[in-house]
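Student: Taken in order, the sequence shown gives residues 89 to 396; the numbers are from our numbering. Below you'll find the structure I mean.
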Amino acid sequence: MRRREVEADEHDPKDGAVETPSDATSRGEVAAPGAVPERGAHLRQLAIDLLASYVEALEMSPARLYDREPQEVHSGLVARAGRDVITALGAPDLWCMEHGAHIIRVLVEVRIYLQWMAQQDPSIYRTFQEYGAGKAKLYARIIDELPDEARRPDFEEAIKDLKKLSHNDEVLDHRVVDTRDSFADGKSIRAMAEECGLIDLYRQAYYMASGVAHSEWWSIETHAMERCLNVLHGGHLIPSLSLNSGANVELASSWADQLYALIRISLRILGTDEKAVEDAFAWLNGEQDEGTSEGEERRQPTRLNDRY
Ligand SMILES: [Zn+2]
89 MRRREVEADE
99 HDPKDGAVET
109 PSDATSRGEV
119 AAPGAVPERG
129 AHLRQLAIDL
139 LASYVEALEM
149 SPARLYDREP
159 QEVHSGLVAR
169 AGRDVITALG
179 APDLWCMEHG
189 AHIIRVLVEV
199 RIYLQWMAQQ
209 DPSIYRTFQE
219 YGAGKAKLYA
229 RIIDELPDEA
239 RRPDFEEAIK
249 DLKKLSHNDE
259 VLDHRVVDTR
269 DSFADGKSIR
279 AMAEECGLID
289 LYRQAYYMAS
299 GVAHSEWWSI
309 ETHAMERCLN
319 VLHGGHLIPS
329 LSLNSGANVE
339 LASSWADQLY
349 ALIRISLRIL
359 GTDEKAVEDA
369 FAWLNGEQDE
379 GTSEGEERRQ
389 PTRLNDRY
């Protein structure tokens, strides 16, 4: 016996159907699914601008082509996190712990990688790339195990792509496959966080988000279940038929904040030319002159700039 059935007299929801946020919308309870809340409407564009400025700062800074791995790995990891953040910021249904936990995980993981690698011998960047290339070779081998009858037409293409990504020699098989859990001799992300002073960030942000991602019971209980209201059933849990409406602007804003923090950390570690950084992010300062009058809420770029 579900709460919404008890309240059915009032709302008359469709029998047996999953209640989507749009059902709740029609009752005026929450915003329409997919609709960006007005207070968060600027966030996606903000994340795009931040990532674009990061790339611009790197490109305007003197190139270090003789020493390419650090910048490749940094810009690759930041871009990977930034693209995830931008995409999620365009889909407010993800703005909740239930469906958006992977975003904070990526942001924290990339930050731990970059800060931990900064403390190692610079050859770690090459090791990071080679570890990934080895995994591509491994995946190509595993996919290649499939029997002929299970192979679709584009199958050979996929194997070819993975082989290319393994950067192996066609003739001389030199690519080492490291099957340990990480590029750092199998060191865990937690151990890395401990070594680079990010254990609190790991524990407070990453740990719980991982619990959601790995379907720990507490997360399922709070996100996907509800208590049956039939007093004769002893209060057992039943799957909830109400979807999470997301649209938590504070959570979404924190992703943009964390992306900006990650960008500044990356530029600092790389030693990117200060003038290039200043120029690329000048628009953040420009925003400071507007939007603060008449008690209007300060715009996100200003807040970000104040904080870091
Ligand atoms: Zn029951």
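For every residue, glycine included, the Cβ atom is placed at its ideal position computed from N, Cα and C. Keep in mind it's a predicted model, so treat the numbers as computed, not measured.
Per the contact definition of three or more C-beta pairs closer than 8 Å, is the stretch 244-257 in contact with the stretch 206-215?
Tutor: Not touching, per the Cβ criterion.
Student: In whole angstroms, what separates the C-alpha of Arg229 from that of Leu131?
Tutor: Near 41 Å, if we compare the C-alpha coordinates of Leu131 and Arg229.
Student: Taking 6 Å as the cut-off, is the beta-carbon of Cys316 closer than that to any non-hydrogen atom of ligand 1?
Tutor: The answer is yes for Cys316.
Student: Is DSSP giving Ser270 helix, strand or coil here?
Tutor: If DSSP states are grouped into helix, strand and coil, Ser270 belongs with coil.
Student: Closest to Ala397 by C-alpha separation, out of Pro125, Phe369, Arg193, would be which residue?
Tutor: As shown, the chain starts at 89 and ends at 396. That puts residue 397 outside it, with no answer to give.
Student: Give me the Cα-Cα distance between Gln292 and Gly274, rounded to the nearest whole angstrom.
Tutor: Distance between the alpha carbons of Gln292 and Gly274: 23 Å.
Student: When you compare the CB positions of Ala169 and Val194, do they come within less than 7 Å of one another, or not?
Tutor: Cβ distance < 7 Å, so Ala169 and Val194 count as in contact.
Student: Residues bridged to Ile326 by DSSP?
Tutor: According to DSSP, Ile326 bridges with Glu314.
Student: With a threshold of 6 Å, establish whether the CB of His321 neighbours any heavy atom of ligand 1.
Tutor: Yes, Cβ of His321 sits closer than 6 Å to a heavy atom of ligand 1.
Student: Give the range of the alpha helix (DSSP H) segment to which Trp343 is assigned.
Tutor: Counting along the chain, the alpha helix (DSSP H) containing Trp343 begins and ends at 337-358.
Student: The alpha helix (DSSP H) that contains Trp183, what's its start and end?
Tutor: It is not in any alpha helix (DSSP H) - Trp183 carries neither H nor E in the DSSP assignment.
Student: Grab me the residues of Ser342's own chain with a C-beta within less than 8 Å of its C-beta, minus the 5 sequence neighbours each way, in chain order.
Tutor: Closer than 8 Å at the Cβ level, and outside the excluded window around Ser342, lie Ile192.
Student: Near Cys284, which residues of its chain fall below 8 Å by C-beta distance, leaving aside the five closest residues on each side in sequence?
Tutor: Around Cys284: Ile200, Gln203, Trp204, Ala206, Gln207.
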